[in-house]
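Contents: one structure, followed by commentary.
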Amino acid sequence: MAQQRKVRKAVFPVAGLGTRFLPATKAIPKEMLTVVDKPVIQYVVDEARAAGIEHFIFVTGRNKAVIEDHFDIQVELNATLKKREKHDEIASLQAGQPKPGQTSFTRQQEPLGLGHAVWCARELVGDEPFALLLPDMVMQDDKGCLTGMVELYDKVGGNVISVEEVPEDQTHNYGIVGVGEDIDADGFQIASMVEKPAPGTAPSNYFINGRYILQPEIFKILETQERGAGNEIQITDAMLKLAERQSFSAYRFRGNTFDCGSKEGFIKANVSFALRRDDIRAKVEDDLRLMLDAI
Ligand code: G1P
Numbered sequence: 002m003a004q005q006r007k008v009r010k011a012v013f014p015v016a017g018l019g020t021r022f023l024p025a026t027k028a029i030p031k032e033m034l035t036v037v038d039k040p041v042i043q044y045v046v047d048e049a050r051a052a053g054i055e056h057f058i059f060v061t062g063r064n065k066a067v068i069e070d071h072f073d074i075q076v077e078l079n080a081t082l083k084k085r086e087k088h089d090e091i092a093s094l095q096a097g098q099p100k101p102g103q104t105s106f107t108r109q110q111e112p113l114g115l116g117h118a119v120w121c122a123r124e125l126v127g128d129e130p131f132a133l134l135l136p137d138m139v140m141q142d143d144k145g146c147l148t149g150m151v152e153l154y155d156k157v158g159g160n161v162i163s164v165e166e167v168p169e170d171q172t173h174n175y176g177i178v179g180v181g182e183d184i185d186a187d188g189f190q191i192a193s194m195v196e197k198p199a200p201g202t203a204p205s206n207y208f209i210n211g212r213y214i215l216q217p218e219i220f221k222i223l224e225t226q227e228r229g230a231g232n233e234i235q236i237t238d239a240m241l242k243l244a245e246r247q248s249f250s251a252y253r254f255r256g257n258t259f260d261c262g263s264k265e266g267f268i269k270a271n272v273s274f275a276l277r278r279d280d281i282r283a284k285v286e287d288d289l290r291l292m293l294d295a296i
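Okay, so the sequence shown: first residue is 2 according to this note's numbering, each after it adds one.
Structure below.
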C-alpha cells in the first residue's frame, strides 16, 4: 500500500452571516453560539485536532474577530483563574488551546460561495492534502468523523468525503453523491456528485455532511469555477471536475450530526450533548421529562 501524504491542515470556512439566527448573530458570529458550554466552532476544531490536524486555517469575514480571540490565550483570565485555584476551568481552557503558530486567519472578502471561501485558503494550505470542515455541522461520535475519514484516506488516498443518508424529500438541501463500488464496510467509491439536486433527481440519498479530505489540485479548478446552485461558487462542482482525474471515496459516517446552522439542529445538539455530560445529565433529563409531561 502506497504511503499517503499526511493530512496536516484543516480549513474552517467561517465567513457566513448567520442570518437564520438573527437577532442572536447580529454582533456574535454564529460559530460562537454555545452548545452546552463550548462554542460550536470549538467542537469542530477539537474534532480536527483529534484526527491529527496540526494547523487550523479559518476563512473569516467582517465581524468575526472574536473567533481569533477565542483561540488565543487570555493571559489576564488565566492569571485570575490561577489565583483563585480554579483548576478545572484552567484545564478546560488548555484542552481547546491551539499551540503557538498553529492557527491562521484569512478573509473571504465577498460572499461568493463555499467554493470561493475554500479557494481563499489556497496560499495557507499550499501544495498538500487538507481537511475541510463546515462548522455548522457538529458531529457526535466516539471515534470522531474526521478520524474515521483519515483512516479510510490512509487506505485509499485521493479525496474522501463523509456522507450520511437523508430522507429523499430532503436531498434538495444538500450535496448528494452517487454510489459506486464498495471499498469496505466504511466506504464506497463515489460515482457522481450534484449540489442541491431538484426534487426527484438525486442520484442517491447519501448527502455530503460537511467533512472533506481534498487534494490541493482543487484550488486550480476553483480559480475558474463558475457559479452554480444558488448562484454561488460551489465546492461540489469543483470536486466533480477533479473527479475526472482523481479518486473520490465516500466515508459512511454512523454517528450523530447536528446542523447547528438551523434552529432545530442547534437545540437538538444542546439537548443531546447535555445528556452525555456526567455533571448535568441527571438534572437535564428530569427537567426534560417534566417539560414534556406538561405539554
Ligand atoms: C454545503 C455544501 C453541501 C453540503 C452542506 C452540508 O451546503 O455545499 O454540499 O451538503 O454544506 O451542510 P450549504 O449548507 O452551505 O448550503
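Ideal Cβ positions, reconstructed from N, Cα and C, are used throughout, including at glycine.
Predicted model only: the values in this text are computed from it and were never measured.
Identity of the residues DSSP links to residue i by a beta bridge
{"i": "proline 40", "result": "Thr35"}
{"i": "tyrosine 299", "result": "Because residue 299 is not part of the residues shown, which for the chain are 2 to 296, the question remains open."}
{"i": "valine 161", "result": "Ile214 and Ser250"}
{"i": "aspartate 185", "result": "Gly188"}
{"i": "proline 14", "result": "Val60"}
Where the alpha helix (DSSP H) through residue i begins and ends
{"i": "threonine 26", "result": "Taken as a continuous stretch (DSSP letters only), threonine 26 belongs to no alpha helix (DSSP H), as it is neither H nor E."}
{"i": "lysine 7", "result": "Counting along the chain, lysine 7 falls outside any alpha helix (DSSP H), and DSSP gives it neither H nor E."}
{"i": "threonine 237", "result": "236 to 243"}
{"i": "glutamate 233", "result": "Counting along the chain, glutamate 233 falls outside any alpha helix (DSSP H), and DSSP gives it neither H nor E."}
{"i": "leucine 291", "result": "282 to 294"}
{"i": "lysine 305", "result": "No answer is possible for residue 305: the residues shown for the chain start at 2 and end at 296."}
{"i": "glutamate 227", "result": "Segment: none, glutamate 227 is in no alpha helix (DSSP H) and carries neither H nor E."}
{"i": "lysine 264", "result": "264 to 276"}
Endpoints, beta strand (DSSP E) assigned at residue i
{"i": "alanine 251", "result": "249 to 253"}
{"i": "glycine 188", "result": "188 to 196"}
{"i": "asparagine 257", "result": "257 to 260"}
Alpha carbon of residue i to alpha carbon of residue j, nearest angstrom
{"i": "aspartate 73", "j": "valine 45", "result": "16 Å"}
{"i": "valine 167", "j": "lysine 156", "result": "27 Å"}
{"i": "aspartate 70", "j": "glutamate 48", "result": "20 Å"}
{"i": "asparagine 257", "j": "leucine 94", "result": "25 Å"}
{"i": "glutamine 247", "j": "valine 12", "result": "21 Å"}
{"i": "cysteine 121", "j": "proline 112", "result": "11 Å"}
{"i": "glycine 179", "j": "methionine 240", "result": "13 Å"}
{"i": "aspartate 280", "j": "cysteine 146", "result": "25 Å"}
{"i": "proline 198", "j": "glutamate 169", "result": "11 Å"}
{"i": "aspartate 238", "j": "lysine 269", "result": "31 Å"}
{"i": "leucine 18", "j": "proline 30", "result": "7 Å"}
{"i": "serine 163", "j": "threonine 81", "result": "42 Å"}
{"i": "alanine 203", "j": "asparagine 174", "result": "11 Å"}
{"i": "serine 105", "j": "isoleucine 91", "result": "24 Å"}
{"i": "isoleucine 42", "j": "arginine 85", "result": "28 Å"}
{"i": "aspartate 260", "j": "methionine 138", "result": "5 Å"}
{"i": "leucine 243", "j": "valine 36", "result": "36 Å"}
{"i": "leucine 276", "j": "valine 60", "result": "32 Å"}
{"i": "glutamate 77", "j": "isoleucine 184", "result": "51 Å"}
{"i": "leucine 57", "j": "glutamate 227", "result": "It is phenylalanine, not leucine, that sits at residue 57 in the sequence shown. Distance between the alpha carbons of phenylalanine 57 and glutamate 227 is about 27 Å."}
{"i": "isoleucine 54", "j": "proline 14", "result": "16 Å"}
{"i": "lysine 65", "j": "proline 136", "result": "14 Å"}
{"i": "glutamine 109", "j": "glycine 158", "result": "29 Å"}
{"i": "valine 285", "j": "valine 126", "result": "42 Å"}
{"i": "phenylalanine 22", "j": "lysine 100", "result": "31 Å"}
{"i": "isoleucine 234", "j": "leucine 115", "result": "6 Å"}
{"i": "asparagine 79", "j": "glutamine 98", "result": "12 Å"}
{"i": "proline 274", "j": "aspartate 38", "result": "The question names proline, but residue 274 is phenylalanine in the sequence shown. About 10 Å."}
{"i": "threonine 308", "j": "leucine 289", "result": "As shown, the chain starts at 2 and ends at 296. That puts residue 308 outside it, with no answer to give."}
{"i": "lysine 63", "j": "serine 263", "result": "It is worth fixing the name first, because residue 63 is arginine in this sequence and not lysine. Each residue's alpha carbon lies about 21 Å from the other."}
Neighbour flag for residue i against chain C, beta carbons, 8 Å
{"i": "valine 12", "result": "Absent from the structure: chain C. Only one protein chain is present."}
Legend entry - Minimum length 3: unbroken beta strand (DSSP E) runs contained in the segment 53 to 139: Along the length of the segment 53 to 139, whole beta strand (DSSP E) runs at least 3 residues long occupy 56 to 61, 104 to 108 and 131 to 134, reported in chain order.
Legend entry - Given 8 Å, three or more beta-carbon pairs between the segment 144 to 164 and the segment 252 to 270: Between the segment 144 to 164 and the segment 252 to 270 there are three or more C-beta pairs closer than 8 Å, enough to call the two in contact.
Inset, instruction - For the segment 127 to 137 and the segment 3 to 10, state whether three or more C-beta atom pairs, one from each stretch, are separated by less than 8 Å. - result: Cβ pair count under 8 Å is three or more, so yes.
Inset, instruction - For the segment 210 to 223 and the segment 181 to 198, state whether three or more C-beta atom pairs, one from each stretch, are separated by less than 8 Å. - result: Note that the segment 210 to 223 does not touch the segment 181 to 198; fewer than 3 beta-carbon pairs, one per stretch, sit closer than 8 Å.
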